[in-house]
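>
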Ligand SMILES: Cc1ncc(COP(=O)(O)O)c(C=O)c1O
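In this note's numbering, the protein residues as written are -17 to 345.
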């Protein structure tokens, strides 16, 4: 049961639209990135919906996230993109739960081989570092060595991938990274089931001739630096829980950063920075009540904020992120990226997933 009238409304029809659009644009299978609580959208609801679409893979950042999905009954194949700390117990669980792991370095692989893997069925994807300088192999000889050792030790290398660092930029860097990846693949005489490179912006801006899967995160949720056919799938609502008249000269909230320049009505709304709303939106953002723009006044509190409202207002529903003021607007105002705004949305916010306007699941 949820009591607080603050919730995220997630439109799964829009998610399906974005998924179908990216799939048909690329003509490849989709590895849906659901890490970081599905970019704040709620990873259980989103992943359960992807189960119904027979999505090729769900990508998470850690084994912990993968296990959370399995515990909640998510059945799609899951790939851990990040580092997995190894032990025999971990490997037994990974095999039992049908989770795929990334091989991030030769050190990691040699440690893997020190455990008993003969009775386990685990699929592995090799991560290649073509310029991000994060996880992954840089050296082609090391990768050939890895292939040799994996064959000798009956370790199944199901996939290989790399990650682009600037696919949102109109420079040559994605092409350079792609060429590195392609030539490395050409030196390996191995038939990978899955080859995947492209994140959202690369899917939209770059032609990848060798992969058979894409790895979108942000675009699935409806955002991109370039594309307009995507639909943002999530809106954020709350409610005015109290209205009060304040008089000219009175201040609002901690630090008294807002002073009324006239008598005015204000509304108190139960959402705050602990929900993930940046403090930088204090005195600096407009929410909507009945299509009327209402400024946030005073400093945003941990769990509440105050807005200036018209004298006469019939509805109490507050749109915190909708069609006009939204998560992208918040990112611009606070000089950050939409990824950060979305992923900081606290797990405590009630999430309602709707399909065909009916509630599909709540989280
Ligand atoms: C390895 C990897 N692949 C894919 C993605 C998805 O990126 P995007 O959200 O830009 O599509 C990420 C996101 O950080 C990632 O780390």
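Note that CB positions come from ideal geometry on N, CA and C, so glycine has one too. Just so we're clear, the structure is a prediction, and the values are computed from it rather than from any experiment.
Give me the Cα-Cα distance between residue 239 and residue 265, rounded to the nearest whole angstrom.
Translated into the one-based positions of the chain shown, residue 239 becomes position 257. Translated into the one-based positions of the chain shown, residue 265 becomes position 283. The straight-line gap from Cα to Cα measures roughly 8 Å.
> Among 9, 43, 329, which has the Cα closest to the Cα of residue 84?
Here residue 84 refers to the residue found at position 102 when the chain shown is read from its first residue. Nearest of 9, 43, 329 to residue 84, Cα basis: 43.
> Do residue 279 and residue 234 have their CB atoms nearer than 8 Å?
By one-based count along the chain shown, residue 279 stands at place 297. By one-based count along the chain shown, residue 234 stands at place 252. Yes, the pair counts as a contact, with Cβ atoms nearer than the cut-off.
> Please classify residue 224: does DSSP put it in a helix, a strand, or coil?
As a position in the chain shown, residue 224 is number 242, starting the count at 1. It is a strand residue.
> Counting along the chain, where does the beta strand (DSSP E) carrying residue 268 start and finish?
To locate residue 268, count along the chain shown from 1; it is residue 286. Taken as a continuous stretch (DSSP letters only), the beta strand (DSSP E) holding residue 268 covers 268 to 271.
> How long is the line joining the alpha carbons of residue 7 and residue 186, rounded to whole angstroms?
As a first step, residue 7 is located in the chain shown; it is residue number 25 there, counting from the start. As a first step, residue 186 is located in the chain shown; it is residue number 204 there, counting from the start. Straight-line Cα distance between these residues: approximately 8 Å.
> Can you determine whether any heavy atom of ligand 1 sits closer than 7 Å to the C-beta of residue 313, and answer yes or no?
For the purposes of this step, residue 313 is identified with residue 331 of the chain shown, where counting begins at 1. No, the Cβ of residue 313 stays beyond 7 Å of every heavy atom of ligand 1.
> Looking at ligand 1, does it come within less than 7 Å of residue 23, judged from the CB to the closest heavy atom?
Your numbering for residue 23 matches position 41 in the chain shown. Result no, Cβ not under 7 Å from ligand 1.
> What does the alpha-carbon distance come out to for the pair residue 121 and residue 159?
As a first step, residue 121 is located in the chain shown; it is residue number 139 there, counting from the start. As a first step, residue 159 is located in the chain shown; it is residue number 177 there, counting from the start. So the two alpha carbons sit approximately 14 Å from each other.
> For the beta strand (DSSP E) that residue 302 lies in, which residues bound it at each end?
Within the chain shown, residue 302 is the residue found at index 320, counting from 1. First-last of the beta strand (DSSP E) with residue 302: 299 to 303.
> For the candidate residues 111, 283, 325, -15, whose alpha-carbon lies nearest to that of residue 24?
Translated into positions along the chain shown, residue 24 becomes position 42. The candidate whose alpha carbon is nearest that of residue 24 is 325.
> Taking the alpha-carbon positions, what's the residue 36 to residue -4 distance?
The count along the chain shown starts at 1 and reaches residue 36 at position 54. The count along the chain shown starts at 1 and reaches residue -4 at position 14. When rounded, the distance between both Cα atoms is 17 Å.
> Which word fits residue 134, buried or exposed, when buried means at least 16 other C-beta atoms lie within 10 angstroms of its C-beta?
Here residue 134 refers to the residue found at position 152 of the chain shown. Burial call: exposed.
> Return the CA-CA distance between residue 41 and residue 137, expressed in angstroms with no decimal places.
Position 59 of the chain shown, counted from the first residue, corresponds to residue 41. Position 155 of the chain shown, counted from the first residue, corresponds to residue 137. Answer to the nearest angstrom: the Cα atoms are 21 Å apart.
> Counting by C-beta, which residues lie closer than 5 Å to a heavy atom of ligand 1, in chain order?
Working through the chain, the matches are 15, 63, 145, 181, 182, 197, 198, 199, 200.
> In the DSSP assignment, the beta strand (DSSP E) including residue 288 goes from what residue to what residue?
Within the chain shown, residue 288 is the residue found at index 306, counting from 1. Run containing residue 288: 287 to 291, per the beta strand (DSSP E) assignment.
> Okay, do the segment 220 to 236 and the segment 294 to 306 touch, 3+ Cβ pairs below 8 Å being the bar?
They touch, by the three-pair rule.
> Please classify residue 48: does DSSP put it in a helix, a strand, or coil?
On the chain shown, residue 48 is found 66 positions in, with the first residue counted as 1. It is helical.
> Using the C-alpha atoms, what's the distance from residue 162 back to residue 124?
Taking the chain shown and counting its residues from 1, the one referred to as residue 124 is at position 142. Taking the chain shown and counting its residues from 1, the one referred to as residue 162 is at position 180. One C-alpha to the other measures close to 15 Å.
> Can you tell me the Cβ-Cβ gap for residue 86 and residue 65, rounded? I've got them flagged as a contact below 8 Å.
Mapped onto the chain shown, residue 86 falls at position 104. Mapped onto the chain shown, residue 65 falls at position 83. Sure, about 6 Å apart at Cβ, within 8 Å.
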